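Counting in my numbering, the sequence shown runs from 2 upward without gaps. Read through the structure below, which is laid out as structure tokens, and then see the notes.
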Amino acid sequence: MTAQPSTPVPRPAAPEPTTSEAVSSAQPTAEPATVRPAATLPETSQTTPDGHDPAPAARRSRFGNPPRGPLLLGLGASLLMLVGGFGAGGTLIRDPWLTNSPVGFWRYGHGSEIATALVYIGVVLLAWAWIRLGRDVLAGRVGGRAVLSTAVVWLIPMLVTPPLFTRDVFSYLAQGALPLHGFDPYAVGPDVMPGVFTDNVHFFWQDTPAPYGPLFILLAKGTAALAGNNIILGVILMRLMLCLGLVMLVWALPELTRRMGGSVPVALWVAVANPLMIIHMVGGGHNDLLVMGLLAVGGLFALRGKCLLAIVIVSAAMAVKASAAVALPFVVLIWAMQMPGPTRTVRIVKAIGAGLGVFVVTFGLISVAAGVGLGWLPALSAPSMIVNWLSWPTGAGELVHWVINLVFTVPKQPFINVARIVGAALLVWIAVKQWLAARDGGPDALRRAGIVLLAVAVLSPATLPWYLSWGIAFLAMAPWSRKHLSWLVAGSLWLVIVYYPNGEDALYNWGYLAVCALGCLLAAWSLHRPDPLGPGRHSPVALSEKPGDPVTATGAGQRPS
């Protein structure tokens with residue numbers, strides 16, 4: 002992933018026609034097609050002179066003519082993870098379908114080991130499918146509609162799988178059920194409320210108050226009320242509710258990409274077809290998906306000149322997770338440049354005042370609707386209890402402690418605390434620097450907001466893989482260079498596997514991590530070179546001589562309709 006401006010990936014020379022208004026709006030202006038092949042087909046079944054029925058081809062054309070190989074390979078991968086998830090994922094303490102059933106062995110012993118193997122095979126196959134799709138995108142063989150269609154097919158099995166690589170969705174349901182039983186989710190943890198939701202919450206979070214904003218508590222409360230005591234239905238409903246964020250992201254992405262100078266197929270490949278999205282965000286079911294969607298829609302409305310509405314939407318994103326507040330000062334800058342005023346400073350001051358007023362009213366109304374106060378602010382410290390080296394300051398503190406501990410026996414926590422203070426200071430410096438550089442507003446302000454959101458994810462006291470999705474909500478739409486796409490591939494796949502399928506972290510299993518790192522590097526290398534897993538089957542993207550040059554598509558044509 003990149004947080005700096007880079008040479009853009011050029012769009013295909015002849016983008017495919019689309020039926021989606023949102024996707025077509027982000028394509029370069031071109032003469033409209035007068036007749037679409039699919040529209041000329043009569044209602045009755047017809048055959049071509051060689052005896053073939055054109056209907057299947059027409060249907061494929063309506064969905065962008067997605068490449069069959071990556072589509073079926075990714076679908077098979079998702080189905081493997083679906084089956085394996087029942088034995089290796091975030092399994093229920095007592096599964097109403099599998100406990101004491103003839104297939105109950107799938108959850109224990111050798112059955113669980115086979116299930117785990119299926120999940121990992123699915124991860125590898127999905128990574129391979131994603132790379133193959135990316136090669137087609139960069140070579141100009143597929144367009145945005147094909148990427149979106151392929152990603153949707155990969156996502157469908159994830160809607161009904163047990164939670165993968167996390168147990169957070171059980172915490173969401175329990176926190177939503179707390180106010181239904183008369184408890185304040187910002188004052189107590191799930192352990193005060195016996196029941197099926199609490200039983201399945203990870204032991205680490207049993208007595209932890211909710212660290213989420215009032216909007217998410219309101220949504221979780223509604224989901225828990227609909228599910229009753231049916232936890233399987235609750236997981237599926239929670240996932241569907243969170244996928245509203247994915248719908249918002251897909252809706253905003255094309256126009257936002259056009260305004261930010263990126264490529265729609267590349268942005269969809271980066272943000273939607275990414276295994277991090279398929280496996281973690283949807284398969285795991287994380288509320289960061291709502292944050293992504295709300296930020297993208299808020300950013301788009303800001304660029305359209307509807308900044309008051311944009312601040313309402315970004316405030317709603319903060320009412321899901323407080324980290325989204327980072328984007329608000331950048332939306333204010335966009336608003337300032339659209340306001341009348343004698344100087345830029347005056348406009349910025351006016352926008353800050355108006356923005357604060359809109360934020361206070363919006364957040365107050367959401368809190369009243371949720372029936373909660375500001376008790377969630379102290380609970381924001383809960384994630385800091387997580388200690389892992391995905392957080393750069395925490396990792397630096399652990400490294401310094403390890404070196405000193407070779408000579409002297411000293412406690413670890415003071416080193417972590419000092420490193421986190423240094424990380425917080427560095428984060429403030431980055432945020433101020435990027436905000437000052439974004440004073441002219443416009444699309445660049447959103448790109449810089451994405452940089453700061455990415456910095457928040459890695460410099461916070463605690464970092465989890467899905468936190469990096471905050472920055473991708475804006476950075477996916479910016480131009481990408483070949484080098485940065487390779488880093489994106491390695492980083493995305495790395496973040497998928499640093500937790501085990503059952504939700505426990507694998508960050509200190511160094512042998513496992515070394516093997517996985519080699520696989521991630523192979524995938525990154527394969528994006529721009531002949532596929533080592535399928536030589537000769539896909540022509541690589543033409544490479545320029547200089548590493549910093551943009552990806553080219555010499556000799557690559559559109560996939561025929």
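Think of the CB as a built atom: it goes at the ideal place given N, C-alpha and C, for glycine as much as any other residue. Computed from a predicted model, the values in this text were never measured in an experiment.
Could you tell me the alpha carbon to alpha carbon distance between G398 and G492, rounded to whole angstroms? If you number the sequence shown from 1, residue 398 lands on position 397. If you number the sequence shown from 1, residue 492 lands on position 491. Their Cα atoms are separated by approximately 22 Å.
How about F331 and W436: are their beta carbons less than 8 Å apart? Translated into positions along the sequence shown, residue 331 becomes position 330. Translated into positions along the sequence shown, residue 436 becomes position 435. Yes; because the gap between Cβ atoms is below 8 Å, this pair is in contact.
To the nearest whole angstrom, what separates the beta carbons of P164 and A383, a pair I think is in contact under 8 Å? Taking the sequence shown and counting its residues from 1, the one referred to as residue 164 is at position 163. Taking the sequence shown and counting its residues from 1, the one referred to as residue 383 is at position 382. Actually they do not touch by this definition, with Cβ atoms about 20 Å apart.
In chain order, what residues of the same chain lie with their CB nearer than 6 Å to the CB of M338, ignoring the 5 residues before and after it? The residue you call residue 338 lines up with position 337 of the sequence shown. Only G442 meet the Cβ criterion.
Counting beta carbon pairs with one atom in the segment 286-304 and one in the segment 422-435, are three or more of them shorter than 8 Å? no
Which word fits V373, buried or exposed, when buried means at least 16 other C-beta atoms lie within 10 angstroms of its C-beta? Mapped onto the sequence shown, residue 373 falls at position 372. V373 should be labelled buried.
Mark N201 as exposed unless 16 or more other C-beta atoms lie within 10 angstroms of its C-beta, in which case mark it buried. Numbered from 1 along the sequence shown, position 200 holds the residue referred to as residue 201. So N201 ends up on the buried side.
Does the Cβ of D208 have 16 or more other Cβ atoms within 10 Å, making it buried, or fewer, making it exposed? Within the sequence shown, numbered from 1, the residue matching residue 208 stands at position 207. Looking at its Cβ environment, which holds fewer than 16 other Cβ atoms inside 10 Å, D208 is exposed.
I'd like to check one pair, W471 with S324: are the Cβ atoms closer than 8 Å? Locating residue 324 in the sequence shown gives position 323, counting from the first residue. Locating residue 471 in the sequence shown gives position 470, counting from the first residue. Yes, these two residues count as a Cβ contact at 8 Å.
Suppose only complete runs of 4+ residues qualify. What are the alpha helix (DSSP H) ranges in the segment 461-544, listed by chain order? 470-476, 483-498, 511-527
Beta-carbon separation of A147 and G65 under 8 Å? The residue given as residue 147 occupies position 146 in the sequence shown. The residue given as residue 65 occupies position 64 in the sequence shown. Their beta carbons are under 8 Å apart, which means A147 touches G65 by this criterion.
Compare the beta carbon distance of M159 and V120 with 8 Å and say whether it is the shorter of the two. Here residue 159 is taken as the residue at index 158 of the sequence shown, counted from 1. Here residue 120 is taken as the residue at index 119 of the sequence shown, counted from 1. No, they are not a contact pair.
Own chain, CB closer than 6 Å to L269, minus 5 neighbours either side, in chain order: As a working note, residue 269 is residue 268 in the sequence shown. Cβ within range, chain order: G145, V148, L149.
Look up I387 in the DSSP assignment and say whether it is helix, strand or coil. Counting from 1 along the sequence shown, the entry for residue 387 is found at position 386. I387: coil per DSSP, three-state reduction.
Three Cβ pairs or more, each shorter than 8 Å: is that satisfied between the segment 160-180 and the segment 211-228? yes
Within the chosen definition, does the segment 277-286 reach the segment 313-329 through at least 3 CB pairs nearer than 8 Å? no
Residue range of the alpha helix (DSSP H) that includes V124: Working through the sequence shown from its first residue, we reach residue 124 at position 123. It spans 110-139 - the alpha helix (DSSP H) in which V124 sits, taken as one unbroken run.
Three-state class that DSSP yields for A175 in the structure shown: For the purposes of this step, residue 175 is taken as the residue at position 174 of the sequence shown. It is helical.
Identity of the residue in A140, R69, V143, T92 nearest V161 by Cα: Walking along the sequence shown from the start, residue 161 turns up at place 160. The residue with the shortest Cα to Cα distance from V161 is T92.
Among M293, V313, S385, whose alpha-carbon lies nearest the alpha-carbon of F302? Numbered from 1 along the sequence shown, position 301 holds the residue referred to as residue 302. Ranking M293, V313, S385 by Cα distance to F302 puts V313 first.
Thinking C-beta only, is P210 closer than 8 Å to G190? Numbered from 1 along the sequence shown, position 189 holds the residue referred to as residue 190. Numbered from 1 along the sequence shown, position 209 holds the residue referred to as residue 210. For G190 and P210, yes; Cβs fall inside 8 Å.
Does DSSP classify F64 as helix, strand or coil? As a working note, residue 64 is residue 63 in the sequence shown. DSSP places F64 in coil when its eight states are reduced to three.
What does the alpha-carbon distance come out to for the pair A439 and G300? For the purposes of this step, residue 439 is taken as the residue at position 438 of the sequence shown. For the purposes of this step, residue 300 is taken as the residue at position 299 of the sequence shown. Straight-line Cα distance between these residues: approximately 14 Å.
How many Å lie between V350 and D192 at the Cα? Here residue 350 refers to the residue found at position 349 of the sequence shown. Here residue 192 refers to the residue found at position 191 of the sequence shown. One C-alpha to the other measures close to 47 Å.
Separation of T167 from P103, as counted between CA atoms: Here the question's residue 103 lines up with position 102 in the sequence shown. Here the question's residue 167 lines up with position 166 in the sequence shown. The straight-line gap from Cα to Cα measures roughly 26 Å.
Determine the contact status of V154 and L254, defining contact as a CB-CB distance below 8 Å. The residue given as residue 154 occupies position 153 in the sequence shown. The residue given as residue 254 occupies position 253 in the sequence shown. For V154 and L254, no; Cβs fall outside 8 Å.
Can you check whether the CB of S113 is closer than 8 Å to the CB of W78? Taking the first residue of the sequence shown as 1, we reach residue 78 at position 77. Taking the first residue of the sequence shown as 1, we reach residue 113 at position 112. A quick correction: the sequence has Ala, not Trp, at residue 78. Result no, Cβ atoms of A78 and S113 do not sit closer than 8 Å.
How should W403 be labelled, buried or exposed, when 16 other C-beta atoms within 10 angstroms of its C-beta is the threshold for buried? Reading the sequence shown from its first residue, position 402 is the one you call residue 403. Exposed.
Cutoff 7 Å; reference G342; Cβ partners in own chain excluding five residues on either side: Taking the sequence shown and counting its residues from 1, the one referred to as residue 342 is at position 341. Answer for G342: R348, K351, listed in chain order.
F205 burial status per 10 Å Cβ neighbour count (16 or more: buried): Taking the first residue of the sequence shown as position 1, residue 205 is located at position 204. Burial call: exposed.
Could you check the C-alpha separation between P276 and V497 for me, to the nearest Å? As a working note, residue 276 is residue 275 in the sequence shown. As a working note, residue 497 is residue 496 in the sequence shown. Each residue's alpha carbon lies about 7 Å from the other.
Do you know offhand how far V143's Cα is from L156's? Locating residue 143 in the sequence shown gives position 142, counting from the first residue. Locating residue 156 in the sequence shown gives position 155, counting from the first residue. Answer to the nearest angstrom: the Cα atoms are 19 Å apart.
Nonlocal neighbours in the same chain, by C-beta distance under 8 Å from W393, ignoring five residues either side: Taking the sequence shown and counting its residues from 1, one reaches residue 393 at position 392. Cβ within range, chain order: G424, V459, L460, T464.
So what does DSSP say about T92, is it helix, strand or coil? As a first step, residue 92 is located in the sequence shown; it is residue number 91 there, counting from the start. T92 falls in the coil class under three-state DSSP.
Spatial neighbours of V315 in its chain, beta-carbon cut-off 6 Å, leaving aside the 5 residues before and after: Position 314 of the sequence shown, counted from the start, is the residue given in the question as residue 315. Counting only Cβ-Cβ distances below 6 Å, and skipping sequence neighbours, we find G299, A328, L329, V332.
What residue range does the alpha helix (DSSP H) around I353 cover? As a first step, residue 353 must be located in the sequence shown, where it is residue number 352. 345-371 is the extent of the alpha helix (DSSP H) around I353.
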